[in-house]
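In this note's numbering, the protein residues as written are 11 to 250. Note that the Cβ used here is the ideal one computed from N, Cα and C, for glycine as well. In this text, all values refer to a predicted model and were calculated from it rather than measured experimentally. For reference, the structure is listed below as structure tokens.
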């Protein structure tokens with residue numbers, strides 16, 4: 011569950027641009043949004059929401075984190091770095107095995123997310139040096155906080171949830187979604203808690219979205235306002 015932010019209005023710097031990209035793939039959205047957010051893509055947070063069976067299962071699993079119990083818009087989170095993206099994913103679209111030596115972190119590119127119905131890019135206010143520190147955790151130091159962020163082990167619980175009948179929702183037992191836990195791990199490089207509204211550490215893309223949408227005032231107090239743009243073509247979690 012998420013705490014109430016006490017905000018009456020959502021973040022005005024988080025813009026829904028669905029109408030402009032409704033009939034396009036996401037490549038134009040990525041190019042335009044990176045420019046709109048300052049031109050430097052390093053350490054931008056990506057959220058994706060898919061309608062395939064794993065995507066729908068992950069979106070529905072996050073309904074327990076929402077007040078209205080509706081499925082999340084998002085099934086995955088990733089971090090943009092200098093040579094593409096880094097992610098922890100149940101099924102790598104780039105075809106990479108989640109190597110335990112790299113804490114299950116694998117590379118991909120934005121092109122691998124060109125066709126997801128829901129897509130967002132979020133920016134946390136940082137200096138270029140801080141953005142490089144954040145990206146460095148995903149690319150060079152994947153195991154720096156392995157005791158608290160064992161992404162490889164968390165991924166195993168989610169694979170069992172998706173592929174094994176009768177497995178309990180890992181979020182109900184405090185197991186984080188590995189994709190968003192990677193983002194939180196990376197932003198700890200600048201001592202930032204990205205999800206002040208969460209009452210425990212069961213990380214999920216839904217919590218990142220909620221922080222950007224409703225907790226921006228709290229983040230501004232730390233000098234870390236969030237901004238972003240989103241395309242939401244599938245708000246109701248329809249199965250492809």
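Within the DSSP secondary-structure output, residue 128 pairs in a beta bridge with 59 and 242. The shortest CA-to-CA distance from residue 154 to any of 52, 61, 187 and 194 is the one to 194. The alpha-carbon separation between residue 131 and residue 75 amounts to approximately 21 Å. Taking one beta carbon from each stretch, the segment 106-120 and the segment 16-27 have fewer than 3 pairs nearer than 8 Å; the two do not touch.
Listed in chain order, the non-local C-beta contacts of residue 37 below 6 Å within the same chain comprise 124, local neighbours out to five positions each way being set aside. The C-alpha of residue 95 is placed about 12 Å away from the C-alpha of residue 103. About 12 Å separates the CB atoms of residue 29 and residue 240; that is not less than 8 Å, and the two are not in contact. The Cβ atoms of residue 54 and residue 133 lie closer than 7 Å to each other. Sequence-distant partners of residue 244 (beyond 5 residues in either direction) whose C-beta falls short of 7 Å from its own C-beta, in its chain, are 59, 61, 127 and 128.
Within the segment 111-159, complete alpha helix (DSSP H) segments of at least 4 residues are found at 138-149, given in chain order.
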